[in-house]
Amino acid sequence: MATPDAHYVDSESYSGVAHISCGILHVDRAELMKQHRLDTQVEAILVNIFGGIVNCAIIANGITKACRELELKVPLVVRLEGTNVQEAKRILSESGLPITAADNLEDAAKKAVASIKK
């Protein structure tokens, strides 16, 4: 529940931010991103991965693959924390894709909301 709750920024709710968090396989994340891309009410996507045993490099590769396959048109904010997080951040930053990295959940929510307000 933390990710949806974080969308309340400055006492406003931003329902146009779709969130994807851990607990599902990277293949399923690609399917979720596809569904969110097709939903015209989704104005941004926030991916929040936090877990000690989660291999963030695998997640980062799945995210970049999904973005390329889906030709994502909405802003994407990614917060990663877990095993291989530095490698994951390198993968995302060197991907050439317009992915905004976030340091924590609050930072991610603010960046996602700011991308909608533009």
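Residue 5 is where the sequence shown starts when you use the working numbering, and the numbers rise one by one after that. Built from N, CA and C at the ideal position, the CB exists for glycine as well.
Nearest-angstrom Cα distance between residue i and residue j?
{"i": "Ala-112", "j": "Glu-73", "result": "23 Å"}
{"i": "Lys-121", "j": "Ile-49", "result": "14 Å"}
{"i": "Leu-101", "j": "Glu-91", "result": "16 Å"}
{"i": "Phe-54", "j": "Ala-61", "result": "13 Å"}
{"i": "Cys-71", "j": "Asn-88", "result": "21 Å"}
Counting C-beta neighbours from all protein chains within 10 Å, is the total for residue i 16 or more, i.e. buried, or is it exposed?
{"i": "Lys-3", "result": "In this structure the chain extends from 5 to 122, so residue 3 is not present and cannot be described."}
{"i": "Ser-97", "result": "exposed"}
{"i": "Leu-109", "result": "buried"}
{"i": "Leu-76", "result": "buried"}
With distances taken between CB atoms, is the gap from residue i to residue j smaller than 8 Å?
{"i": "Ile-95", "j": "Leu-80", "result": "no"}
{"i": "Val-78", "j": "Val-58", "result": "no"}
{"i": "Ala-106", "j": "Lys-93", "result": "no"}
{"i": "Gly-86", "j": "Gly-56", "result": "yes"}
{"i": "Arg-83", "j": "Val-51", "result": "yes"}
{"i": "Thr-68", "j": "Ser-99", "result": "yes"}
Examine chain B for any beta-carbon lying closer than 8 Å to the beta-carbon of residue i, and answer yes or no.
{"i": "Lys-69", "result": "Protein chains in the displayed structure number just one, and chain B is not present."}
*asked:* To test your reading of the DSSP string, which unbroken alpha helix (DSSP H) runs of 4 or more residues are found completely within the segment 32 to 104?
replied: Segments of the alpha helix (DSSP H) lying fully in the segment 32 to 104: 60 to 74, 89 to 97.
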